[in-house]
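Residue numbers (the numbering used here): 1 to 66.
Glycine included, every Cβ here is placed at the ideal spot set by N, Cα and C.
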Amino acid sequence: MTAYKVRIGRNGRFTIPIEIRQRLGIETGDVMVFSLAPEGLSMSKAQTDSEQDRLSPHQKEDHENG
1 MTAYKVRIGR
11 NGRFTIPIEI
21 RQRLGIETGD
31 VMVFSLAPEG
41 LSMSKAQTDS
51 EQDRLSPHQK
61 EDHENG
């Protein structure tokens, strides 16, 4: 696993490193999901509506509940 340090700016904003944006296909305007668990914070790119249409009902429930 690769770790990156980023500085939090005004209003809690930060820049996602280019390597991560490229690997996850993150583009301007994309929606991100932050999940908080006892072991820490995770972030992932939100699925588009067309991606959600391919999920099973169980997978949709898991995605909606984080």
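Kindly indicate the opening and closing residues of the alpha helix (DSSP H) around residue i.
i	result
residue 10	Element bounds for residue 10: n/a, residue is neither H nor E.
residue 20	18 to 24
Looking at C-alpha atoms only, which residue of the options is the closest neighbour of residue i?
i	options	result
residue 20	47, 48, 40, 2	2
residue 31	4, 45, 8, 15	45
residue 29	12, 47, 38, 37	47
residue 4	38, 16, 39, 10	16
Are residue i and residue j close, meaning C-beta to C-beta below 8 Å?
i	j	result
residue 34	residue 41	yes
Give the range of the beta strand (DSSP E) segment to which residue i is assigned.
i	result
residue 43	40 to 45
residue 33	32 to 37
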